[in-house]
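Residue numbers (the numbering used here): 362 to 736.
This is how it looks when you write it as structure tokens:
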């Protein structure tokens, strides 16, 4: 199988990830619940994962690295803590439902920064306008999960820093693919990410970088933390304030190794590899006029296509029968499709990883082109 659905989950992981999960399953237990060897090993495993993530993203205190189930969990924690009904919240035109639905649950109708696809200058201008109109919180998708579009974070963050307006950054597609040092942007209140995509960890893992102290004061979930058990109130310090119940210790063990892999490879090198494959893939399918391609040289290793006269689900199913794994539809991001004008049809998404090869990209393009000719 040629696996090109990495924007959903990276299927191929470093061997160390699998080995770490197995070791933790056998040897780690009772996280923060005892002084015996198995409990201590669980605590050390999770803390080591926090340290790896802190090093990758420039977080000074590993306690601010909160373990979550996925990016959706992390986003809900941050939005619950920082977004209030009646608040003027601004979002990009690329947001995932993991942002839009939590806002809707809180009765918040956000201001959408509608801009043309690939136009960073227009987004920066819309941010300026939103600030002038009184926006109190921004929630922005760092990289589009549909088109691989990278927002101009440096320019936007500079504007928010100047005004003292906080930013929740959805790093679901950028973590492990785009270098990020949170110390550069004081406006960052929270950075949310999955463990199972560009960080090459297991499914059921995620991280919240809780950079704003207010996040600890409004937990989404309360319960046992292994600390201050005599107090019926939730602890108010990180990470305990946001980590009730037993965490996914085997998942954290695997995620630690996934992050270590990213750090060893170098985020810039991974991005260059994925971009190179995406560009070669685009070049290979360009001669087929029926293929409409949504790609950009400055995007990550994610791109979308449509085939004129063919349903995107049919295209994806045709490829799947020939061993090419992709995803079709709206990708849980209807705003992104509205931005690109593809909301009525959706797209077929191709997404590469550090483990994708040039041979796979070329073969997938060959299969796509041949399939389109027969549709």
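Glycine is no exception: its CB is placed at the ideal position from the N, C-alpha and C atoms.
Keep in mind it's a predicted model, so treat the numbers as computed, not measured.
Discussion item. Considering only DSSP beta bridges, list what residue 653 is partnered with.
Written reply: Here residue 653 is taken as the residue at index 292 of the chain shown, counted from 1. 667.
Practice prompt. Pick helix, strand or coil for residue 541, following the three-state DSSP scheme.
Written response: Position 180 of the chain shown, counted from the first residue, corresponds to residue 541. If DSSP states are grouped into helix, strand and coil, residue 541 belongs with coil.
Worksheet entry | residue 601 burial status per 10 Å Cβ neighbour count (16 or more: buried) | On the chain shown, position 240 is the one that residue 601 refers to. Here residue 601 is buried, its C-beta having at least 16 other C-beta atoms within 10 Å.
Worksheet entry | Contact set for residue 440: own chain, Cβ-Cβ below 6 Å, skip 5 residues either direction | Against the chain shown, residue 440 aligns to sequence position 79. Apart from sequence neighbours up to five positions away, the residues of its chain that approach residue 440 with a beta-carbon distance below 6 Å are 463, ordered along the chain.
Discussion item. On the DSSP letters alone, give me the boundaries of the beta strand (DSSP E) that residue 637 sits inside.
Written reply: Position 276 of the chain shown, counted from the start, is the residue given in the question as residue 637. Not the beta strand (DSSP E): residue 637 falls in the alpha helix (DSSP H), residues 628–646.
Item to complete: Compute the beta-carbon to beta-carbon distance between residue 468 and residue 446, rounded to the nearest angstrom, for a pair I have assumed lies under 8 Å.
Response: Within the chain shown, numbered from 1, the residue matching residue 468 stands at position 107. Within the chain shown, numbered from 1, the residue matching residue 446 stands at position 85. Confirmed, Cβ separation roughly 5 Å.
Discussion item. Going by C-alpha to C-alpha distance, which of 558, 543 and 607 sits closest to residue 588?
Written reply: For the purposes of this step, residue 588 is taken as the residue at position 227 of the chain shown. From the listed residues 558, 543 and 607, the smallest Cα separation to residue 588 is found for 607.
Worksheet item: Would a C-beta distance cut-off of 7 Å place residue 709 and residue 681 closer than the cut-off?
Response: Translated into the one-based positions of the chain shown, residue 709 becomes position 348. Translated into the one-based positions of the chain shown, residue 681 becomes position 320. No, the pair does not count as a contact, with Cβ atoms beyond the cut-off.
Worksheet item: From residue 742 to residue 476, what does the alpha carbon distance come to, in whole angstroms?
Response: Outside the displayed span of the chain (362 to 736) sits residue 742, for which this structure offers no information.
Worksheet entry | Extent of the continuous beta strand (DSSP E) run through residue 531 | On the chain shown, position 170 is the one that residue 531 refers to. According to the DSSP assignment, residue 531 belongs to the beta strand (DSSP E) that extends over 528–531.
Worksheet item: Shortest alpha-carbon distance to residue 621 belongs to which of 415, 401 and 403?
Response: Translated into positions along the chain shown, residue 621 becomes position 260. Residue 415 is the option with its Cα nearest to residue 621.
Worksheet entry | CA-to-CA distance, residue 504 to residue 616, given in whole angstroms | Counting from 1 along the chain shown, the entry for residue 616 is found at position 255. Counting from 1 along the chain shown, the entry for residue 504 is found at position 143. Approximately 21 Å, taken between the alpha carbons.
Item to complete: Could you tell me whether the stretch 515–528 touches the stretch 492–507, where touching means 3 or more Cβ pairs closer than 8 Å?
Response: Yes: at least three Cβ pairs fall under 8 Å.
Worksheet item: Around the C-beta of residue 734, are 16 or more other C-beta atoms found within 10 angstroms, so that it is buried, or is it exposed?
Response: Here the question's residue 734 lines up with position 373 in the chain shown. That one is exposed.
Worksheet item: Is the Cβ-Cβ distance between residue 431 and residue 567 less than 7 Å?
Response: Here the question's residue 431 lines up with position 70 in the chain shown. Here the question's residue 567 lines up with position 206 in the chain shown. Contact: yes.
Discussion item. Pull the bridge partners of residue 714 from the DSSP assignment, please.
Written reply: Position 353 of the chain shown, counting from 1, holds the residue named residue 714. Paired residue(s): none; residue 714 is not in a bridge.
Worksheet item: Can you find a C-beta in chain D that's less than 7 Å from the C-beta of residue 703?
Response: This model lacks chain D altogether; it includes just one protein chain.
Practice prompt. Please report the residue range of the alpha helix (DSSP H) in which residue 732 lies.
Written response: By 1-based counting over the chain shown, the position of residue 732 is 371. Counting along the chain, the alpha helix (DSSP H) containing residue 732 begins and ends at 719–734.
Worksheet item: Any idea if residue 590 is buried or exposed, counting beta-carbon neighbours within 10 angstroms, 16 or more meaning buried?
Response: Here residue 590 is taken as the residue at index 229 of the chain shown, counted from 1. Burial call: exposed.
Worksheet item: What is the DSSP secondary structure of residue 687, counted as helix, strand or coil?
Response: Within the chain shown, numbered from 1, the residue matching residue 687 stands at position 326. In this structure, residue 687 counts as coil in the three-state DSSP scheme.
Worksheet item: Nearest-angstrom Cα distance between residue 652 and residue 421?
Response: Walking along the chain shown from the start, residue 652 turns up at place 291. Walking along the chain shown from the start, residue 421 turns up at place 60. The alpha-carbon atoms of residue 652 and residue 421 are separated by roughly 47 Å.
Worksheet item: Helix, strand or coil for residue 567 per DSSP?
Response: Residue numbering aside, residue 567 sits at position 206 when the chain shown is read from its first letter. Residue 567 falls in the strand class under three-state DSSP.
Discussion item. So, for residue 544: in the same chain, excluding its five sequence neighbours on each side, which residues have a beta-carbon less than 6 Å away from its beta-carbon?
Written reply: As a working note, residue 544 is residue 183 in the chain shown. Annotation for residue 544: 419 place their beta carbon closer than 6 Å to its own, counting only its chain and skipping 5 residues before and after.
Worksheet item: So what's residue 455 in DSSP terms, helix, strand or just coil?
Response: The residue given as residue 455 occupies position 94 in the chain shown. The answer is coil: DSSP assigns residue 455 none of H, G, I, E or B.
Worksheet item: Would a C-beta distance cut-off of 7 Å place residue 487 and residue 478 closer than the cut-off?
Response: Taking the first residue of the chain shown as position 1, residue 487 is located at position 126. Taking the first residue of the chain shown as position 1, residue 478 is located at position 117. No Cβ-Cβ contact shorter than 7 Å links residue 487 with residue 478.
Worksheet entry | Runs of beta strand (DSSP E) wholly within the stretch 422–471 (minimum 3 residues, chain order) | The qualifying runs are 426–429 and 450–453.
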